[in-house]
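The structure under discussion appears below in the form of structure tokens.
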Amino acid sequence: VDGEGGGNEYVKELGPLRFDAIPLVEMVDDGTATFKHNLDPNASHHRGGMSAAQASRFSAGAKKVASAGAGPKNRNARVMQELSTLATSLPVNECSSIFVRADETRPDVIKALITGPEGTPYQNGAFEFDVLLPTDYPQSPPLVHFCTTGRGSVHFNPNLYPCGKVCLSLLGTWSGPRWEPDRSSLLQVLVSIQALILVENPWLNEPGMEDSSEAAQCDAYRRKIRFHTLRTAVLGQINNPPSVFSDIVRIHFAKRAESVLAQCDEWEKEQTEADEIKAKALKDAQKKQQEQQAKAKQKAEKANTASKAADK
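Counted from 1, the sequence shown has number 196 at position 194 by this note's numbering; the numbering is strictly sequential.
Next up, the structure:
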């Protein structure tokens with residue numbers, strides 16, 4: 003990829019692509035639906051990552067959605083209303099964007115892509131999510147599964163597990179404000195993931211670390227996430243983009259090419275400096291330990307000499 007579009011150019015090209023309805027499921031002979039694009043935690047792109055309990059919960063939801071009919075009229079009206087809102091209100095900006103694809107006949111089957119916000123260790127990365135609206139929606143919150151896990155090998159955030167679990171209070175998987183059927187929405191869930199999970203200091207999302215002043219741990223954790231972002235959410239997505247969002251991924255990285263290269267240089271420099279500081283600290287600690295050992299040896303020798311003199 004090459005080139006760097008300005009903010010207006012980025013929005014102009016990707017804004018119209020923020021939402022679309024495409025085939026995500028296909029109907030089979032018995033009237034039920036099967037999922038396309040691996041919208042299932044037991045499929046290959048989730049393999050080895052999901053816990054049995056989480057896989058069971060998401061699969062159960064997937065099966066219910068697949069086997070359900072059109073659903074209650076009020077549910078369908080609510081879903082269509084929310085999709086209409088998504089089509090016009092999803093944030094698209096070169097700093098961070100959210101894109102959504104819903105099935106053209108089963109709009110309760112959804113995929114989302116969030117680009118990492120600037121100034122965070124997720125910057126410019128492309129993060130994919132599977133979303134299912136349960137059969138009793140909106141009485142129950144959406145089921146959300148995180149897909150960009152490096153086949154279950156990457157722990158991107160205390161709230162994003164390698165198994166795909168998304169910890170968010172609106173989803174009932176984290177402490178805080180709960181889902182309110184009459185007020186909460188899928189847009190709110192997606193924006194919350196963007197703003198409350200993909201943050202500058204993800205270490206502080208760890209339970210008990212909200213008020214942590216341990217800057218060294220925050221920095222070390224952030225540098226680790228940066229590496230995962232570049233390897234999995236940038237290079238991984240460029241080389242093997244999710245089929246549903248392949249056009250978006252291509253345009254996003256083309257427009258953000260210079261930004262990605264600049265962040266690579268900056269992050270590499272900061273990592274090198276951190277490694278040098280760590281090496282110096284280790285060397286100083288070793289030197290101090292050697293000095294303490296030498297002093298202890300001298301003290302022991304003096305005590306031994308004094309003891310021998312006393313014996314004489």
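The C-beta atom is built at its ideal place from N, Cα and C for all residues, glycine as well.
Secondary structure of V146 (DSSP, three-state): strand. Between P119 and Q196, the C-beta spacing is below 9 Å.
For I100 against I112, the beta-carbon gap comes to about 12 Å, at or over 8 Å, which does not count as contact. For T87, the enclosing alpha helix (DSSP H) stretches over residues 75 to 91. Of the residues I24, E96, L206, the one whose Cα lies closest to the Cα of V262 is E96. In this structure, DSSP gives L263 a helical state, which the three-state scheme calls helix.
In this structure, the beta-carbon distance from V102 to R20 falls below 9 Å. Going by C-alpha positions, E216 is about 10 Å away from W205. Look at R233 here: in three-state DSSP terms it is helix. Boundaries cannot be given for K167, as no beta strand (DSSP E) includes it and DSSP labels it neither H nor E.
Between the stretch 252 to 270 and the stretch 135 to 145, the count of C-beta pairs closer than 8 Å stays below three; the two stretches do not touch. Taking the CA atoms as reference points, P123 sits about 33 Å from P183.
The C-alpha of R180 lies about 21 Å from the C-alpha of N159. In this structure V146 touches L173 by the C-beta definition: roughly 6 Å separates them, less than 8 Å.
When the Cα atoms are used, D277 and D221 turn out to be separated by approximately 12 Å. In the structure shown, T175 falls within a coil segment according to DSSP collapsed to helix, strand and coil. A straight line joining the alpha-carbon of V236 with that of I24 spans about 25 Å.
Taking the CA atoms as reference points, C266 sits about 17 Å from N241.
In the structure shown, the three-state DSSP call for V13 is helix. The three-state secondary structure of V193, taken from DSSP, is helix. In the displayed model, R103 falls within a strand according to three-state DSSP. Between L26 and E106, the C-beta gap is smaller than 9 Å, which places the two residues in contact. Per DSSP, the beta-bridge partners of K113 are R103, D132. Beta-carbon to beta-carbon, Y139 and R77 are separated by about 6 Å, close enough to satisfy the 8 Å threshold. Per DSSP, D249 is one residue of the alpha helix (DSSP H) stretching across 248 to 257.
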